[in-house]
Amino acid sequence: MGIYFYNQGNGGRYLRCTDLSVTQKCSLKTEGKGTTRYDDGRTATQGTNSLLIELLLILLMDNEADAFYEGLPKVELHAHLNGSVSFQTIEKLIRRKPQLNIEHSMTAIGKGQRRTLDECFQVFKVIHQLVDSEEDIFMVATDVIKEFAADGVKYLELRSTPREETTTGLTKRRYIETVIKYSKLCTLTLIIKRFLVAIDRRNGSQVAMETVQLAEEFLLSSDGLVIGIDLSGDPTVGHGRDLLSALQKAKDSGLKLSLHLSEVCFIIHSHTNTTIKLT
Ligand SMILES: [Zn+2]
1 MGIYFYNQGN GGRYLRCTDL SVTQKCSLKT EGKGTTRYDD GRTATQGTNS
51 LLIELLLILL MDNEADAFYE GLPKVELHAH LNGSVSFQTI EKLIRRKPQL
101 NIEHSMTAIG KGQRRTLDEC FQVFKVIHQL VDSEEDIFMV ATDVIKEFAA
151 DGVKYLELRS TPREETTTGL TKRRYIETVI KYSKLCTLTL IIKRFLVAID
201 RRNGSQVAME TVQLAEEFLL SSDGLVIGID LSGDPTVGHG RDLLSALQKA
251 KDSGLKLSLH LSEVCFIIHS HTNTTIKLT
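FYI, the numbering for the sequence shown is 1 to 279, going by full-length UniProt numbering.
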């Protein structure tokens with residue numbers, strides 16, 4: 001069994017087991033034999049069997065920690081449906097629509113990867129291409145809910161902008177019905193599901209008002225699944241002031257409000273006298 005510990009130039013200390021292809025940061029003081037020094041300042045030392053046992057103990061403790069964090073009951077209050085699609089679900093969607101020539105790198109932002117706001121919205125555009133039918137939406141909503149449940153989420157608020165697609169016959173009403181369909185069907189999963197109907201600010205005040213009217217209907221007919229409105233979309237487009245009457249109407253009808261605000265820096269040239277009491 002090839003077991004080494006590396007001393008990185010920055011003082012970090014890592015154990016590497018070549019047979020298991022695992023590397024683990026550690027703070028062990030154990031020394032080995034036959035040290036090799038690399039040009040970049042690292043040293044690798046041939047370890048002993050006792051070092052291997054210690055490495056396995058560290059890995060075991062990490063797995064226990066993972067299980068602990070997974071098992072913790074959680075609430076998820078900011079989940080955009082199309083922003084919560086897992087790698088596995090994207091894989092299924094890509095396979096369904098090979099003609100789009102979409103690759104995984106176009107549908108996700110990697111950990112630590114930096115993107116501009118425009119690039120982030122491009123990612124959503126690509127996902128919308130992949131999710132454009134009732135069948136797709138049902139699969140995505142089902143997978144997302146199951147994955148949150150598996151991650152220990154006990155209360156989930158999903159949000160999404162209802163879309164219509166002439167090519168697939170999808171309407172905004174069917175969009176919402178399809179998103180909440182799985183929530184209605186599954187009674188076994190121990191997770192409370194709620195849905196916020198999103199207003200995309202790019203679509204203007206008229207569409208915002210129509211979205212609120214649709215949400216009001218579902219508030220009364222969805223057995224408590226649809227509970228509110230989300231205001232989202234590109235914050236550099238339009239002015240929030242233009243959407244206040246729609247938001248006020250939503251609030252007056254008992255819908256809860258969730259608002260994306262102050263996401264970009266602007267110099268304010270004008271003020272509005274209209275306000276909404278949020279509490
Ligand atoms: Zn958001």
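Just so it is clear, CB atoms sit at the ideal spot from N, CA and C, and this is done for glycine as well.
Note that the structure is a prediction, hence the values are computed from the model and not measured.
Check, Outcome
"So which residues put a beta carbon under 7 Å from any heavy atom of ligand 1, going in chain order?", "His78, His80, Ser232 and His260"
"Identify whether Ser183 lies in helix, strand or coil by the three-state DSSP scheme.", "helix"
"Using CA atoms only, rank isn't needed, just tell me which of Lys125, Val264 and Arg173 is closest to Glu164.", "Arg173"
"Alpha carbon to alpha carbon, how far is Leu72 from Ala65? Give it in angstroms, no decimals.", "11 Å"
"In whole angstroms, what is the alpha-carbon distance linking Lys251 and Lys154?", "26 Å"
"Determine whether the beta carbon atoms of Gly195 and Val207 lie at a separation below 8 Å.", "The residue you asked about is not Gly; residue 195 is Phe in the sequence shown. Against a cut-off of 8 Å, the Cβ pair of Val207 and Phe195 comes out as no contact."
"Measure the CB-CB distance between Ala79 and Glu177 and report whether it falls below 8 Å.", "no"
"Please report the residue range of the alpha helix (DSSP H) in which His128 lies.", "Leu117 to Leu130"
"Grouping DSSP H, G and I as helix and E and B as strand, with all else coil, what is Val140?", "helix"
"When you compare only the Cα positions, how much space is there between Asp234 and Asp132?", "20 Å"
"Determine the direct distance from the alpha carbon of Leu261 to that of Val123, and round the result to whole angstroms.", "21 Å"
"If you run the structure through DSSP and keep just helix, strand and coil, what is Ala79?", "strand"
"Between which two residues does the beta strand (DSSP E) harbouring Tyr256 extend?", "With the sequence shown as reference, residue 256 is identified as Lys, and Tyr is not the correct amino acid for it. Note, Lys256: beta strand (DSSP E), Lys256 to Leu259."
"Straight-line CA distance for Pro98 to Ser245?", "43 Å"
"Smallest Cα separation from Cys265: which of Tyr182, Leu117, Asp143 and Asp230?", "Leu117"
"Can you find the residues in the same chain that come closer than 8 Å, C-beta to C-beta, to Ile192, ignoring five residues on each side of it along the sequence?", "Lys154, Tyr155 and Leu156"
"For the beta strand (DSSP E) holding Val212, just list the boundary residues, first then last.", "It is not in any beta strand (DSSP E) - Val212 instead sits in the alpha helix (DSSP H) that spans Gly204 to Ser221."
"Short check: CB of Arg159 to CB of Asp223, under 8 Å?", "no"
"Grouping DSSP H, G and I as helix and E and B as strand, with all else coil, what is Glu103?", "coil"
"How is the alpha helix (DSSP H) around Leu156 delimited, first residue to last?", "Note, Leu156: premise wrong, no alpha helix (DSSP H); beta strand (DSSP E) at Val153 to Ser160."
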